[in-house]
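Numbering (UniProt numbering), first residue to last: 1 to 346. Have a look at the structure below, then the notes.
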C-alpha cells in the first residue's frame, strides 16, 4: 500500500473516533462512524487475499446497515420530539432501533456473525484495531443513550453474548477467531452493566482494550495465527510466552490479575441493583471463556509438540521485546492492587 494512503487511513481512524465521541448532534456522530468504517476497509483488504476481500465486504455491508439504522433511529426521534441531541433520545421505537444498530456495530449476539469472519480475514494488527478502537464510538453512543435504553433488552443480549462467545470459542483452532469470541463475551459484561452503571461499563472497556492489545501484540511479535504454531513458539521467545500465559489468565478474569477488577465490580453492582440472578448466570457463563483461555495458555507454555510434528522448531529470537508489549502486559497483570485509585479517577 502507498505510504501516503496508509497515513491518510491511519489518521482518519482517530479522526472518526474523536468526531463521534465529542459530538452532541446525531448527524455528526453518524459522520464519525462513517469515516471510521471507510478508513478501516482498505486496511482490512490490503493483503489482496480472497479471504481479506471477503472480510472487507462483510464488514462494509454490516457497518453500512448499522449506520443506516443509527440515522433512521435519530430521524424517527427528531420527527416525534424535535430533538437531534444524542442525550435526548426518548421515543421508544427510536431506542429499540438504536439498540439493534449499536449491537450490530459492536457484534453483540444475535448480530455477532460477521465479527469472527472479519477478524479471521484480517491481520493481527488490523484485528486489534477492529476489537478495540472501532468499538469505542459505538460504546460511547451506548454510554450517552444508556438512560433511555431498555435494561431488559440489554441484559438478554448480554447473557446471550457471554454464553455464545464462550461456547463458540471452545472448538476453535485459530487465535484470531478465539479472540473474536473472547471480544463478544466481554461485550456481554459491558452490555449488562451499562444501564445500571455506565462508568463501570467504560472502565471495563478500557481494561479489556488494555489486555486485548497486550495479547494481540504478543501474538503478532511471535507470529502465531494457529494453536499449532503457538505450540512451537516457546523456542522463539520463551519469556514472552511465559508472560502471555499470565496475560491470557488476566483476560479470563482470574484474581489477583487486572482482569478480575471489572468482573468483581460488575457482579457487586448487579447484586446491589437486586439482579443477583443475572450476576450468577453471567459469572457461571464466564467459565466457558476461562476454558478456552486456559487452552490457549496450555498450548503456548505447557504443551510440547509431539516428535512427529510437521512444524520446524523456530529459531531463538534474541531481539528485546517491544516496549509497548512490555508496558501493556505489565499493566494487564498488576493493576488490581491500585483499584481504589482507578475507581477514584473513574
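All C-beta atoms in this analysis are idealised placements derived from N, C-alpha and C, irrespective of residue type, glycine included. Because the structure is a prediction, the values reported are computed rather than measured.
Close-in-space but distant-in-sequence residues of the same chain around residue 115 (CB under 6 angstroms, 5 per side omitted): Excluding its 5 nearest sequence neighbours in each direction, residue 115 has C-beta neighbours in its own chain below 6 angstroms: 107, 180, listed in chain order.
Assigned secondary structure, residue 226 (DSSP; H/G/I helix, E/B strand, else coil): Strand.
Stretch-stretch touch, CB-based, cutoff 8 angstroms, three pairs: the stretch 121-137 with the stretch 85-99: Contact check between the stretch 121-137 and the stretch 85-99: fewer than three CB pairs, one atom from each, fall below 8 angstroms, which does not count as touching.
Return the CA-CA distance between residue 339 and residue 257, expressed in angstroms with no decimal places. About 11 angstroms.
How would you write the range of the alpha helix (DSSP H) that residue 169 sits in, first residue to last? In the DSSP assignment, residue 169 falls outside any alpha helix (DSSP H) and carries neither an H nor an E.
Can the beta-carbon of residue 128 be found less than 8 angstroms from the beta-carbon of residue 237? For residue 128 and residue 237, no; Cβs fall outside 8 angstroms.
Considering only DSSP beta bridges, list what residue 25 is partnered with. Partner(s): 85.
Pairwise C-alpha distance: residue 255 and residue 49: Taking the straight line joining both Cα atoms gives about 41 angstroms.
Alpha-carbon to alpha-carbon, residue 250 and residue 341: Going by the C-alpha atoms only, they are around 19 angstroms apart.
Does the separation of the CB atoms of residue 166 and residue 185 fall below 8 angstroms? Taking 8 angstroms as the Cβ cut-off, residue 166 and residue 185 qualify as a contacting pair.
Buried or exposed, going by whether 16 or more other CB atoms sit within 10 Å of the CB of residue 324? Note on residue 324: under 16 other CB atoms within 10 angstroms of its CB, so exposed under the neighbour-count rule.
What number of angstroms, rounded off, separates the C-alpha of residue 177 from the C-alpha of residue 120? Put simply, the backbone Cα of residue 177 is about 6 angstroms away from that of residue 120.
Count the other CB atoms within 10 Å of the CB of residue 347; is the residue buried (16 or more) or exposed (fewer)? Here the chain covers residues 1 to 346 and nothing more, so residue 347 does not appear.
So for residue 110, helix, strand or coil by DSSP? Three-state result, residue 110: coil.
Report the three-state DSSP secondary structure of residue 161 (helix, strand or coil). When DSSP states are grouped into helix, strand and coil, residue 161 belongs to the helix group.
To the nearest angstrom, report how far apart residue 51 and residue 163 are at their CA atoms. When rounded, the distance between both Cα atoms is 27 angstroms.
From what residue to what residue does the alpha helix (DSSP H) around residue 268 run? Its alpha helix (DSSP H) spans residues 260-272.
Close-in-space but distant-in-sequence residues of the same chain around residue 21 (CB under 8 angstroms, 5 per side omitted): 32, 136, 137, 140.
On the criterion of 16 or more Cβ atoms from any shown chain inside 10 Å, does residue 1 qualify as buried, or is it exposed? Counting Cβ neighbours within 10 Å, residue 1 comes out exposed, since fewer than 16 surround it.
Note the first and the last residue of the continuous alpha helix (DSSP H) segment covering residue 279. Residue 279: member of the alpha helix (DSSP H) spanning 276-297, first to last residue.
Measure the Cβ-Cβ separation of residue 123 and residue 47 and say whether it is below 8 angstroms. Yes.
N-terminal and C-terminal residue of the alpha helix (DSSP H) that residue 302 is part of: Taken as a continuous stretch (DSSP letters only), residue 302 belongs to no alpha helix (DSSP H), as it is neither H nor E.
Thinking C-alpha only, which one of 175, 159, 274, 173 is nearest residue 189? Answer by Cα proximity: 159.
Integer Cβ distance of residue 194 from residue 142, believed to fall under 8 angstroms: Rounded, the Cβ-Cβ distance is 6 angstroms, consistent with contact.
Shortest alpha-carbon distance to residue 151 belongs to which of 273, 58, 242, 260? Minimum Cα distance to residue 151 is reached at 273.
Coarse secondary structure for residue 58, derived from DSSP in three states: Residue state, collapsed to three classes: helix.
Just confirm the distance between the C-beta atoms of residue 240 and residue 222, as a whole number of angstroms; I'd bet it's less than 8 angstroms. That pair is a contact at about 6 angstroms.
To the nearest angstrom, how far is it from the Cα of residue 19 to the Cα of residue 26? If you draw a straight line from the Cα of residue 19 to the Cα of residue 26, it comes to about 11 angstroms.
Residue closest to residue 156, alpha-carbon to alpha-carbon, out of 229, 110, 5, 117: With distances taken between Cα atoms, residue 156 lies closest to 110.
Other residues of its chain near residue 146: CB distance less than 7 angstroms, five sequence neighbours each side excluded: Hits under 7 angstroms: 194, 195, 198.
Which class does residue 133 belong to by DSSP, given the choice of helix, strand or coil? In the structure shown, residue 133 falls within a helical segment according to DSSP collapsed to helix, strand and coil.
Output the boundary residues of the alpha helix (DSSP H) element that contains residue 2. For residue 2, there is no enclosing alpha helix (DSSP H), as DSSP gives it neither H nor E.
CA-to-CA distance, residue 218 to residue 300, given in whole angstroms: In a straight line, the C-alpha of residue 300 is about 11 angstroms away from that of residue 218.
Name the two residues that bound the continuous alpha helix (DSSP H) containing residue 256. No residue range can be given for residue 256, since it is assigned to no alpha helix (DSSP H) and is classified by DSSP as neither H nor E.
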